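The block underneath contains the structure these notes are about, expressed in structure tokens.
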Ligand code: ASP
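Numbering (the working numbering), first residue to last: 344 to 780.
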């Protein structure tokens, strides 16, 4: 039988009603033999995620404050879920142990990981499924690096060919000595991908609260078209250009072996969602998606014949690095160069950067203030398509938007248009219209 690994995000396990939907989804397809779960997330906009509450508990305990007020909320959330699902698990006992550990100097990673641990245990008892601790599966080498080979071995040994449904908590793993290590936020996506790869799954399902990816941000364009299929590379570009998709690092375990990922909605289980695959062969338009980033700066440094000075750009880079300013895009010519960087990084240190540039590079002028936004288009063959640039420029021109900077060709799959910050949304709307017409 084919194996499907299904990962459910925080909103899918936020309360008993959501967990019942998860149960239904798991029951409806026996190929779904392993489920990876996040900790209970928000039930409403104003609600708090369990993960955030546990981070708060740990912070309070570390500064000697009382954790009781926050921990009681954590306790209530789990006990309510257990009660509503009619689960007689020992969640109360585990909660006591966790509280004790927090009070007695438990590590942040351990404390925070208990969010997924407790939730997965509870849901495993509700589903009569086997709980498998992620600490036995996901092996960390250091805080940033998973020992993937060991992880795949452990996953295969523990889960491959097993009987019935297995439930694995997401978001954490362990070192060889058993010490717990967390992924970065949203990391249950990575757990799901590692488990799917390790077990040799046919499909990795990522269940969330949206029905897959849309062509652009629905807060800017009303009812944008859904993306039914996208390649891993296009998805990477969309994420780079600002689309909030699932955790970036979750793509690699799947893309390396062509394991398809599908993003689906727990609240709309009949919707097919978005499939992410190695390559897409359809007759869809050239633009798969449009993403953007706001609050950037277009910086320009001018100096006659700067291109003859071979170390000019390297020295400029060193100044930016000194102040922690990353360059998002750049281009240079004979007497000037420009780069795009985030306002959040540049603004607080702009005066220092300008003063060092003046001292060390003696430019004719430097401008670090132009407020811009980036609008990126992504598609399977953006850089080789003929006439696409003309259409996008045409659409922007017709909408009265000037393109201040543009980059294409650094990747075959994308192009970036830098526009005045004030015209960001209009630019996205204009490009979207031109793409779907
Ligand atoms: N619960 C964790 C978070 O809120 C991990 C996850 O949901 O993937 O970031």
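Backbone N, C-alpha and C fix where the C-beta goes; we use that ideal spot for every residue, glycine too. Every value quoted in this text rests on a predicted model; they were computed, and no experiment measured them.
| query | result |
| --- | --- |
| Counterpart residues of residue 538 in DSSP-defined beta bridges | In DSSP, residue 538 forms no bridge with anything. |
| 6 angstroms CB neighbourhood of residue 714 in its chain, flanking five on each side removed | 764 |
| C-alpha distance - residue 492 paired with residue 739, whole-angstrom precision | 48 angstroms |
| Span separating the alpha-carbon of residue 527 from that of residue 696 | 30 angstroms |
| Nearest candidate by alpha-carbon position, reference residue 470, set 496, 425 and 640 | 425 |
| Inter-residue Cα distance where the pair is residue 350 and residue 772 | 33 angstroms |
| Continuous beta strand (DSSP E) stretch holding residue 485: start and end | 483 to 485 |
| Cβ shell of residue 684 (< 7 angstroms), same chain only, five flanking positions each side left out | 639, 640, 642, 668, 669, 670 and 671 |
| Residue 438 beta carbon less than 8 angstroms from that of residue 465 | no |
| Reduced DSSP category for residue 637 - H, G, I as helix; E, B as strand; rest coil | strand |
| Selected residue, minimal CA-CA separation from residue 397, among 370, 372 and 442 | 442 |
| Touch test, the stretch 572 to 582 against the stretch 592 to 600, Cβ-Cβ under 8 angstroms, three pairs minimum | yes |
| Residue 528 beta carbon near the ligand SAH (any heavy atom closer than 7 angstroms) | No copy of the ligand SAH occurs in the structure displayed; its ligands are the ligand ASP alone. |
| When 752, 520 and 730 are compared against residue 793, the one with the closest alpha-carbon | An answer regarding residue 793 cannot be provided, because it is not within the stretch 344 to 780 covered by the chain. |
| N- and C-terminal bounds of the alpha helix (DSSP H) containing residue 682 | Careful: residue 682 lies outside any alpha helix (DSSP H), inside the beta strand (DSSP E) at 679 to 685. |
| C-beta atoms of residue 353 and residue 382 nearer than 8 angstroms | yes |
| The stretch 595 to 613 contacting the stretch 671 to 681, beta-carbon criterion three pairs below 8 angstroms | no |
| Residues near residue 648 in its chain [Cβ-Cβ closer than 8 angstroms; skip 5 each side] | 677 and 678 |
| Whole-angstrom C-beta distance between residue 538 and residue 814, which should lie under 8 angstroms | Any question about residue 814 goes unanswered here, given that the chain covers just 344 to 780. |
| Per-residue burial, residue 706 [other beta carbons within 10 Å of its own, 16 or more giving buried] | buried |
| Beta-carbon separation (whole angstroms), residue 742 vs residue 710, contact threshold 8 angstroms | Not really, about 25 angstroms apart at Cβ, beyond 8 angstroms. |
| Residue 516: first and last residue of the uninterrupted beta strand (DSSP E) it sits in | 515 to 517 |
| Simplified DSSP assignment, three categories, for residue 436 | helix |
| Near the ligand ASP: residue 514 beta-carbon under 7 angstroms from a heavy atom | yes |
| Any non-hydrogen atom of the ligand ASP closer than 7 angstroms to residue 532 Cβ | yes |
| DSSP three-state assignment for residue 524, whether helix, strand or coil | strand |
| At least three beta-carbon pairs within less than 8 angstroms, the stretch 499 to 517 to the stretch 367 to 379 | yes |
| Terminal residues of the beta strand (DSSP E) in which residue 671 lies | Note, residue 671: premise wrong, no beta strand (DSSP E); not H, not E. |
| Own chain residues within Cβ distance below 7 angstroms of residue 455, not counting five before or after | 394, 397, 398, 401 and 525 |
| Distance between beta carbons of residue 774 and residue 718, contact taken as under 8 angstroms | 6 angstroms |
| Continuous beta strand (DSSP E) stretch holding residue 547: start and end | 546 to 551 |
| Heavy atom of the ligand ASP within 7 angstroms of residue 609 beta-carbon | no |
| Residue 542 vs residue 348 beta-carbon contact at 8 angstroms | yes |
| CB of residue 545 within 8 angstroms of CB of residue 620, strictly | no |
| Nonlocal neighbours in the same chain, by C-beta distance under 8 angstroms from residue 434, ignoring five residues either side | 421, 422, 425, 461, 464 and 465 |
| Sheet register partners of residue 751 (DSSP bridge) | 758 |
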